[in-house]
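Please read the structure below before turning to the comments.
There are 4 protein chains.
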Amino acid sequence: MSIQPSNPAPPFNVVRCSHVELGVADLERSRAYYVDALGLIETEQVGDTLYLRGLEERNHHSFVLVESREATCRRMGFKLGSEADLDRAEAFFRQKLLPTEWGEKHAQGRTLHVRDPFGMPLEFYYTMDQCDSCMQLYGRYQGAHIQRFDHFNCFSPDVQGTYDFYAGELGFRLTEYTATEDTPEQLWAVWMHRKGNVHDLALTNGYGPRLHHVGVWVPGALNIIHMCDVLATTGWLQAIERGPGRHGISNAFFLYLRDPDGHRTELFTSDYLTVDPDLTPIRWALRDARRQTLWGHAAPRSWFEQGTHFAGAEIRPPVVEAQPIVAP
Amino acid sequence: MSIQPSNPAPPFNVVRCSHVELGVADLERSRAYYVDALGLIETEQVGDTLYLRGLEERNHHSFVLVESREATCRRMGFKLGSEADLDRAEAFFRQKLLPTEWGEKHAQGRTLHVRDPFGMPLEFYYTMDQCDSCMQLYGRYQGAHIQRFDHFNCFSPDVQGTYDFYAGELGFRLTEYTATEDTPEQLWAVWMHRKGNVHDLALTNGYGPRLHHVGVWVPGALNIIHMCDVLATTGWLQAIERGPGRHGISNAFFLYLRDPDGHRTELFTSDYLTVDPDLTPIRWALRDARRQTLWGHAAPRSWFEQGTHFAGAEIRPPVVEAQPIVAP
Amino acid sequence: MSIQPSNPAPPFNVVRCSHVELGVADLERSRAYYVDALGLIETEQVGDTLYLRGLEERNHHSFVLVESREATCRRMGFKLGSEADLDRAEAFFRQKLLPTEWGEKHAQGRTLHVRDPFGMPLEFYYTMDQCDSCMQLYGRYQGAHIQRFDHFNCFSPDVQGTYDFYAGELGFRLTEYTATEDTPEQLWAVWMHRKGNVHDLALTNGYGPRLHHVGVWVPGALNIIHMCDVLATTGWLQAIERGPGRHGISNAFFLYLRDPDGHRTELFTSDYLTVDPDLTPIRWALRDARRQTLWGHAAPRSWFEQGTHFAGAEIRPPVVEAQPIVAP
Amino acid sequence: MSIQPSNPAPPFNVVRCSHVELGVADLERSRAYYVDALGLIETEQVGDTLYLRGLEERNHHSFVLVESREATCRRMGFKLGSEADLDRAEAFFRQKLLPTEWGEKHAQGRTLHVRDPFGMPLEFYYTMDQCDSCMQLYGRYQGAHIQRFDHFNCFSPDVQGTYDFYAGELGFRLTEYTATEDTPEQLWAVWMHRKGNVHDLALTNGYGPRLHHVGVWVPGALNIIHMCDVLATTGWLQAIERGPGRHGISNAFFLYLRDPDGHRTELFTSDYLTVDPDLTPIRWALRDARRQTLWGHAAPRSWFEQGTHFAGAEIRPPVVEAQPIVAP
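Here the protein sequences line up with chains R, U, G and W, keeping their order. Just so you know, the working numbering puts 52 at position 52 of the first sequence, and the rest follows in order with no gaps. Just so you know, the working numbering puts 476 at position 148 of the second sequence, and the rest follows in order with no gaps. Just so you know, the working numbering puts 981 at position 325 of the third sequence, and the rest follows in order with no gaps. Just so you know, the working numbering puts 1232 at position 248 of the fourth sequence, and the rest follows in order with no gaps.
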């Protein structure tokens, strides 16, 4: 296991994770879920594509839902620091002989489509159309009062290798990680950030690459409690997969939901500031149950096993065999 | 001053305060305020009258808004324990030579209209049409999440005399009171209940009788904070008159609002259980500023001086001259 | 099944449930749990007995913990309306040929010990020594901010018969109940009150009589979330048995805890006002999983099966065989 | 007025504001306030100096309280990105002919003392001794559950000039600002950040330089409500100066407190993420009362006029004469 420090001078500047593009079977049904139930703001619908954002977000979209036969994750979107960073990103991926393509995206500036060495489809951009913040339009607050996009969490068949790429090359910074009890110990999961909280991208050992969930930030635990009550009494009971609870890792108060196509969303709050360059990552043992949940509740098997496929990505079995303790 | 115990065997059984009937100038404007902003449930509109209730209330109405030239309080409604109590109430008021009349009220059973010895118009009933509780229809929760009607608070020109009537005759029980520093000290304000929390009816020394406010119960302080944010950003900023804050008396976390006609509503939470028959009333000195607010904020002059007139009630100056400390 | 109305003129007036007396193996360990962790106020220790109360309670005690070889529930305490009610209670139980005895209790006035027809040990009193309320001593708020004792919940081998006694004779009022799918349907569980919220006493079909739990009232869901975090990180993780969650029945936001002797406590909030004499009880089908939990979480087997024995009470199997759905 | 963009390539990298060093008259009294009442964690006392930190902070200190005859702010501390940044900072300030000095500080690595062109005393460092995070030691949570140091807010006699220095040279990024109604309009107040939320440093037009307040971040509004209750009932009522309320600027839910020496602390929550390099600053008109408070409450005169002097800094009158609307 190596938790080498992140590259202090990455080839291009990733500001933060920014948005996700998901295939959904029925746009109306997805709107009912994401907008009417969860309370995301609908920016607009263009053809078969629905653009949503959180209450504080001025970016045109953080969720892009495309009506499609395949319920895949089509792109994980990251904002770069400048137009020049886009060009530097293209050069970097080309030099690695990885696929790159300039995409045309509604309401975004120049957009670079790439695939990382493990098959995950990414898109990079610098500018996006700006909308009004709804942060002080309190009359529009609904559902979970989702403020903003927070992070991606992916199953990875090679956590060490993927970590080495994102931290060692792209400058993602490690905040917390899980190590196995093997000799030598192996890296089993990592939480990495660019924007200054616990993560923009987390990786967990498993069949992959697959998207485990996207996380959205909500102001507090009561927003999540109320969301449970609303979901349970408006026909969305089945959406509740796990929680509410407290993760040991990241200190998050969490709720995991499944949308009508099975895509998982985490309502997430109460992590911490991580901008210090000398922040020491927190190590958790794979066998430490508090890692998953401070309060001792078991997660359902689906949470450990199911995830969203990435469009066009081949799935491989995990390199590491160690498994967490799952409640019976 | 006398805080004689309440009559343990009152002539008829008042279960609780139940509803208020208010004259309003513009029904649409009042609906926009009470339903769209505050989040009360609209049961129905019948002609020029709007019937509203709280989320947990199965009674057809706790707010009756009648479009009218006069922005008065037309009735304070109390639920009695049985039909027989209604007849006993009629006999009691007649024997006192006070006005009584059997009223016809939409969605209520037999209703007795009376006026107390100080001119306040009351109505008594036993049964009301029942509606669905919205308590577990969480998708309908809006605004302040108002659960139920809680209390009346009135200016009284004769707090001692009015107390003697409601406690000494009708069996209202004292929970807290304010006394002056006069020699002998005089009763300046009282909080009296029937239903088991701090009050169904409070009286404060002042020009009256007038309605100071009706109180509605909300689950917690965060509902009130959110209500402030919503009112301030949806065109209702002027509705906020005082608070949020913490009363010493009753321990209430409060917010005082004025509706479009000036009727005052208190959003109220966090008082305590008072069913014990031997509960000792809590005494507050008029000069103790913590009585009004634990945190030291001054109330605006309007809060001390303005109130809703009762239809047909003559207003008299207060018997007691002592005044609370008002911040400059 | 019969859900006959409660006796409107009971032989004596039960004001509310008031306190519990529990045998505990180690008083220091129990103090560490109830006082240091949960935040109950310690009124005093007298010999091998610890007296605790909630923040708003002026009564000397609502928890009486007696160091003892047997971890039993020794008494369920109820407050009566007057000294005369005590004498009426004695006459009533004697006439039923049920055991009665005048007990000597620290800090209580005259106390009557009885056993109900099903073997549950009760004590009745009218006056208790009064202490300062800690409601506005916010510096003493700790743990879950427990405000007051709320209810008893018992396993009963004969829910119908026990209901008939408490409602039909003693005037407890039904608020919610569970019925089986048998033909004819049978009463499976009941929630009955005297004080004006959902319950003072609940009964669930099962081996009994046994105490399932005592409920204490807390202001809101965040107090419960914080309590989970505190318990999980101060060595009390094992105390968390079930929750936090939302019951369909009573609308309670709940957390179930086990003390060091296995006695179960429910942290409870967000039920509703029930003082209306014509309140219609809410019926739940035994097969309706929302009854137990609105959010779809299974309760652990221990929660369905384990309880505290009553001192001196023989345990019998339940009359009704129907069982709720238990998650695998 | 010029709100020129911040320098994208500043001479040295300021990571974030980090700590404050305050003179206090009585260390015991200050400990009673900051530790016992507010709930900051005491790292250690060394001689006449007390070192405190927030619950999530692993840095040794964010508050340094020095028993002293003068109740001044001795230093505003900022963390730099590396040791090399310290040397670059020294070179930069020297080249500006501003005072620099290598200070010896307990529990910090190399520390550079400088004074900005307006007389404000700063200190820069890269490494600080690390302590355990108390974030998951929930048994230690007290008072307002303060998580971390958030920002400095200063009176400035020359907001435009000071802004030009911090943004135009040091790379602080503007998030919100207030402009006068003069022709041409003038910059009246600015909020600037380095760490990714609304501010590390804010400046308000006024006699200065003086420290208006330091802000600390708390999880939510209920922590602030509870803090008010605790302060008001434990002898610290006079500490409450303004709030709780909601600022229009930054969307902060706030409470302003004065410590025993008059130093002002803001309990602060609910601002937003600002890492996007193309974030458009929000403009507020000086006459817009919502800027100060969304709910319409007036701030007391003391809040506009009083502040902590910086040790050794001469105070000058403000360049801009425009004044905000102050409630009568």
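Just so it is clear, CB atoms sit at the ideal spot from N, CA and C, and this is done for glycine as well.
* Other residues of its chain near F1149(W): CB distance less than 7 Å, five sequence neighbours each side excluded -> D1100, P1101
Whole-angstrom distance between A239(R) and F254(R), CA atom to CA atom:
Straight-line Cα distance between these residues: approximately 14 Å.
Give the interface partners of R804(G) over in chain U, defined as CB-CB distance under 7 Å, in chain order. Per Cβ cutoff of 7 Å: L601.
Between the beta-carbon of W303(R) and the beta-carbon of R246(R), is there less than 9 Å? Contact: no.
Chain W contact for A908(G) (CB, 9 Å cutoff):
no
| task | Indicate whether E370(U) and Q475(U) have their beta-carbon atoms separated by less than 9 Å. | result | no
| According to DSSP, is A888(G) helix, strand or coil? | helix
**Study point:** Range of the contiguous beta strand (DSSP E) that encloses T377(U)
**Key:** 377-381
**Study point:** Where Q1120(W) meets chain B, residues with beta-carbon distance less than 9 Å
**Key:** No chain B is part of this structure, whose protein chains are labelled R, U, G and W.
Exercise. Check the Cβ-Cβ distances between G367(U) and every residue of chain R, and say whether any is below 9 Å.
Key: no
(Q) Just checking: is the beta-carbon of G351(U) within a distance shorter than 9 Å of some beta-carbon in chain W? (A) No, G351(U) lies away from the interface with chain W (no Cβ there is under 9 Å from its Cβ).
- Short Cβ contact (9 Å threshold) for N1235(W) with M128(R): Their beta carbons are not under 9 Å apart, which means N1235(W) does not touch M128(R) by this criterion.
Partners in chain W for G81(R), counting only beta-carbon separations shorter than 8 Å: For a Cβ distance threshold of 8 Å, residue set P1261 of chain W lies close to G81(R), ordered along the chain.
Notebook entry, point to check: What do you reckon, are the CB atoms on L1070(W) and F996(W) nearer than 9 Å?
Noted result: yes
inquiry  = What does the Cβ neighbour count give for V846(G), buried or exposed, with the cut at 16 atoms within 10 Å?
reply    = buried
Check H1247(W) in the structure and name its three-state DSSP category. In the three-state scheme derived from DSSP, where H, G and I count as helix and E and B as strand, H1247(W) is classed as coil.
Pair every Cβ in the segment 470-484 of chain U with every Cβ in the segment 427-434 of chain U, then say whether three or more of these pairs are closer than 8 Å. Taking a contact to require three or more Cβ pairs closer than 8 Å, the segment 470-484 of chain U and the segment 427-434 of chain U do not qualify as touching.
Quiz item: On the three-pair Cβ rule with 8 Å, is the segment 1207-1219 of chain W touching the segment 969-976 of chain G?
Solution: As far as the Cβ criterion goes, the segment 1207-1219 of chain W does not touch the segment 969-976 of chain G, which means the pair count is below three.
- Task: Starting from the Cα of D587(U), find the closest Cα among Q332(U), V546(U), L408(U), S358(U) and give me that residue.
- Result: S358(U)
(message) So G590(U) contacts chain W; which residues on that side make the cut at Cβ distance below 7 Å?
(response) Ordered by position in chain W, no residue passes the 7 Å Cβ test against G590(U), which lies about 17 Å from the chain.
Could you tell me the distance, in whole angstroms, from the CA atom of F828(G) to the CA atom of T175(R)?
57 Å
Which of helix, strand or coil does DSSP assign to W217(R)? Strand, per DSSP.
(Q) To the nearest angstrom, how far is the alpha carbon of N197(R) from that of V275(R)? (A) Their Cα atoms are separated by approximately 7 Å.
Following the continuous beta strand (DSSP E) through W284(R), name the residue where it begins and the one where it ends. 282-285
inquiry  = By the 9 Å beta-carbon criterion, what residues does the segment 101-127 of chain R contribute toward chain G?
reply    = Of all residues in the segment 101-127 of chain R, none has a Cβ within less than 9 Å of some Cβ in chain G.
What would DSSP say about W951(G), mapped onto helix, strand or coil? The answer is coil: DSSP assigns W951(G) none of H, G, I, E or B.
**Report entry** C-beta neighbour in chain R for R1285(W), strict 9 Å
**Finding:** no
Assigned exposure category for G1031(W) - 16 Cβ within 10 Å defines buried: exposed
*asked:* Between which two residues does the beta strand (DSSP E) holding D806(G) run?
replied: 804-812 is the extent of the beta strand (DSSP E) around D806(G).
Check: Could you give the residue range of the alpha helix (DSSP H) that holds Y1256(W)?
Finding: Counting along the chain, Y1256(W) falls outside any alpha helix (DSSP H), and DSSP gives it neither H nor E.
Cβ-based burial, R611(U) [other Cβ within 10 Å; buried from 16]:
By the C-beta density criterion, R611(U) is exposed, having fewer than 16 other C-beta atoms within 10 angstroms.
Is the number of C-beta pairs between the segment 734-751 of chain G and the segment 664-679 of chain G that are closer than 8 Å three or more?
Short answer: they touch.
- Task: Name, going along the chain, the residues of the segment 205-222 of chain R whose beta-carbon falls closer than 9 Å to a beta-carbon of chain U.
- Result: G220, L222
Over what stretch of residues does the alpha helix (DSSP H) that includes E411(U) continue unbroken?
-> Start and end: 411-423.
ask   = Over what stretch of residues does the beta strand (DSSP E) that includes E372(U) continue unbroken?
value = 369-374
- Task: Within 10 angstroms of the Cβ of T280(R), are there 16 or more other Cβ atoms? Answer buried if so, exposed if not.
- Result: exposed
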